[in-house]
Structures are given as C-alpha cells and as structure tokens.
Amino acid sequence: MACERYLNAINELVDGTLGPLRRAELELHLEACEDCAALLGDLREIQRATDALEDLQPPSRVWTQIAQQLHQEGRVAESPRGFMRRPSNTLIGLAAALILAVGASLLMLVPRRDAAAPPPTNASTAPVPEPAGLS
Amino acid sequence: MTSSKGTVHLAAVPAPGRAEDLALVERCRKGDLSAFEAIYRTHSGRLYSVACRMVGNPTEAEDLLQEIFLAAHRKLDSFRGESALGTWLYRLATNLCLDHLRSRAARSSQLTDAIDDEPALADSGSRRLAERTVDKMDLERALAQLPEGCRTAFVLHDVEGLEHREVAEVLGIAEGTSKSQVHKARLRLRALLGRR
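Keeping their order, the protein sequence lines are chains A and B. Here my numbering is used: the first sequence runs in plain steps of one and ends on residue 218. Here my numbering is used: the second sequence runs in plain steps of one and ends on residue 1228.
Written out as structure tokens, the structure is:
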C-alpha cells in the first residue's frame, strides 16, 4: 500500500505543481518504496490515457431533433433536412412552365413526316437486278 | 459537488475567427438553419464529450446536447463576439450540465460528494497500469462509474484542463476540496482500471 503521507505529493508531482524541496524528499522516498513508485507509475499512465481521450461524436438523431424543434418553434426559415415540405404555389407554377417549355421545344425538334421525308430517288424506282447465276 | 450556483467563466477553447463566428451568428439570427448546422457540426463533438463525461450517461448527454443547442439558438442575440463562439458555447454547456447534475442530485437526494466516505484506495491491489496501456474505452467506462462529485472535478481538471482555482469557482467549492476530489478520482480510477 502506498504511504498515506506521500499521497498528496505524488498527485502534485503528476500535476506538475510539487515544489522543489518536497519533490526532492519524495524522490528519495520513491527509491525506497515500491508501492509509492507503483502508484506514481499508474497515475502517470492514467494521465497519459486521459490526455489521449478524443471527442465523442453524438448520434445523428440529435441534430435532427434540434432542427425539428427549431422548425416547430418557427425560429428557422427553412425546413430541416429530411422533412417533406409542401411546395409553394410559385414553385408549382415554375415547374409547370418548365414542363410546358420543354414539351414545346421537343415538338419543334421532332420533324414533321411530310416535311422531313426524303424525296423519292431513282434508285427506289429502278428495277431490281436479278441475282447472278439464276438465269 | 455543492449546491452553490457556481457558473463557468473560464474555458480555453480554440475557435475559428471571430469575424466568421459573427457572420454565422448573424445568419442564424435571420433564420438560416444551415448556418446553425455549421455551428453544430463544429462544436457538437466537444460539447457532447463534456456533457457525456460530466453526467456519466450518454442518453442524458444527448438530451443535454439538444438542450444546449436550443438554448444557444435562443440566446444568440446575447452573443456579441467578446469571446469566441466556442468559448461562449462551452460556458453555456458546462453551466447546463452543472444545473442538470444539481437537479438530479436534488431529485435523488444523494450526496454528490459521497466519495469522501470512501476508504483510501491508495492500494489498488490489482494489475499495475504502468505495465500496460490503458484503453480509451476502459477509461471512459471507469469515468462513468466514478461518484458524481469527484467525476465532475476530475473531468474539469484532468480532461478539460481547468486549474483547481477555476474548478473550485465553477463548482462553488474550496480549492483544496477540488484537489482532494481530483486525487480521489484518480485513485478510484486506478482501482477500477486495475480490475480489468
């Protein structure tokens, strides 16, 4: 068991706040006391692991809930992502106009049968030569 | 922890530029959800970690994180940019965590500094930690098992890097009490981790 008397000094050594005189006394003690040396080693390992702790990431549902709440309270101008929004009349009108414009353009591009049909060629009316070797 | 009304005044949090903070906040005030989402994405990890480690319960920490950001949105008008946005949020988060711990303690009528009654744990009587590497997950689990009073002091001092003077101010306790709570938390962690 570590010595009760040195517990505070060991913790302060870990903190880096132990004064030089008490530090010298503690170092002498650590050379002779295996339990206190083990305690110091363990506390330093805990300190190393603590320093290495990383930020935890919250589940994605937390943001969804925050966004929903802000939307319900009318504090934001847009619906949170993933919400089904009712489209505005302006949007519906724009979409309809776009569909009409695209449809009209396609009609313009599609060639009319009488105008686009190629003129008859002589080849189409020329007699078909008989295959060689049949006569 | 005491029932005093200590609040967090100090936190060294690196943050993006102040002008960028103010621009984002201004967009939030105008109802721009994407601006608030950008703030959330930047700061939620750190604030969730603080909440999780202070209250020792991920589910409660999720609720707290939600409460923190909703409170932040409501208080955006009071953000003047005197401190970095991260610092402002951190202060708000820590104060809400402390309020949560106080109300939880009041509900359960438990003494949050019950560790004072624990026997000295200077002898872990188990495997030496220095001879192996303490796993982060093991440390997180052990942290969650600490009594509330010493866990809060440990998180603020050893994890968040506040000075004992600052921990004492935040928790409304004496500086010596902060030291003793942190020391006891370390010994208890040693015992908990030594069993693994």
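C-beta: ideal position from N, C-alpha, C; glycine also.
Asked, Found
"Three-state class that DSSP yields for A1116 of chain B in the structure shown", "coil"
"Below-7 angstroms beta-carbon distance, A1044 of chain B vs any chain A residue", "Residue confidence for A1044 of chain B is low, a pLDDT of 48 falling below 50, so the modelled location carries little weight and cannot support an answer."
"Which of helix, strand or coil DSSP assigns to C86 of chain A", "coil"
"Residues of its chain near S1212 of chain B, where Cβ-Cβ distance is below 6 angstroms and the 5 sequence neighbours each way are ignored", "none"
"T1184 of chain B to L1121 of chain B span [Cα, whole Å]", "18 angstroms"
"Pair within 7 angstroms by beta-carbon distance, L1161 of chain B and D134 of chain A", "no"
"Under 8 angstroms from the C-beta of L1221 of chain B: neighbouring residues of chain A", "I129"
"Chain A contact residues for K1168 of chain B, given Cβ-Cβ distances below 8 angstroms", "A132, A135, L136 and E137"
"Alpha-carbon to alpha-carbon, C119 of chain A and S1090 of chain B", "A small fix is needed here, since residue 1090 of chain B is Pro in this sequence, not Ser. Cα to Cα, the separation comes out at about 35 angstroms."
"Span of the alpha helix (DSSP H), counted from its first residue to its last, around D118 of chain A", "E117 to D134"
"Check whether L1108 of chain B and V1057 of chain B have beta carbons under 7 angstroms apart", "yes"
"Proximity test, Cβ basis, 7 angstroms: S1076 of chain B and chain A", "yes"
"Beta-carbon neighbours of G1063 of chain B, restricted to chain A and to distances below 8 angstroms", "R158, V159, A160 and E161"
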